[in-house]
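Going by my numbering, the residue at position 131 of the sequence shown is 717; the numbering climbs one at a time, nothing skipped.
For each residue, glycine too, the CB sits at the ideal point set by N, CA and C.
Given the structure is predicted, the values throughout are model-derived calculations rather than measurements.
Reading through the structure tokens given below for one structure.
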Amino acid sequence: NNIMDMTGLDEKFKSMIGEQLDIQGKLKPVERRLGTLKKHLEQADIYFKYKGKKPLTEAEQILFTTAKDYLKGVMNGKTTIPTKTWKEEYTKLTAERKTLNQRYLALKEEVKEAEKIRKSVYSILRQEHREQQPQRKQDMER
587 NNIMDMTGLD EKFKSMIGEQ LDIQGKLKPV ERRLGTLKKH LEQADIYFKY KGKKPLTEAE
647 QILFTTAKDY LKGVMNGKTT IPTKTWKEEY TKLTAERKTL NQRYLALKEE VKEAEKIRKS
707 VYSILRQEHR EQQPQRKQDM ER
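Take a look at the structure:
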């Protein structure tokens, strides 16, 4: 890490915290999009399950109509439901989320260790400072 002094340690610590926040910032939109895609895919599955099936029970009809209306709102006038594209994007984003989570957890451990080191160093410095104070007073009295 090439840390030579307390300033370097503090800077490294701040950069690690900053990187953690960056990862959190990247994870949020991925999580949101995954939730949206999951809902899209669930509704598409319901739609295709009941599409063309006759006769539908009342519950099936409600599910089918709800899914159809949901997809109509999502499709923005498109006629083909892009389930393949959604599944591919979901798979890609799931892998990205996994990678980001792994990096975040590793960094979290590194930050925890760095914080321990930082606290220990500051504690040692405070102790040294306290030990030097009485000697100065004694030196001044002589």
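- In the three-state reduction of the DSSP assignment, Lys-639 falls in the coil class.
- Distance check between Tyr-690 and each of Gly-594, Asp-608, Lys-598, Met-590 places Asp-608 closest, using alpha-carbon atoms only.
- Inter-residue distance for Gly-604 and Arg-683 is about 19 Å (C-alpha atoms, whole angstroms).
- According to the DSSP assignment, Gly-659 belongs to the alpha helix (DSSP H) that extends over 644–661.
- Within 10 angstroms of the beta-carbon of His-715 lie fewer than 16 other beta-carbons, which makes it exposed.
- In this structure, DSSP gives Met-590 a state outside helix and strand, which the three-state scheme calls coil.
- Around the beta-carbon of Leu-623, 16 or more other beta-carbon atoms lie within 10 Å, marking it buried.
- For Thr-685, the three-state secondary structure derived from DSSP is helix.
- Here the alpha carbons of Arg-618 and Ala-645 stand approximately 29 Å from one another.
- The Cβ-Cβ distance between Met-592 and Val-697 does not fall below 9 Å.
- Thr-665 sits in coil when the DSSP states are folded into three classes, being neither helix nor strand.
- Taking a contact as a CB-CB distance under 8 Å, the pair Leu-679 and Leu-620 counts as one, their CB atoms being some 5 Å apart.
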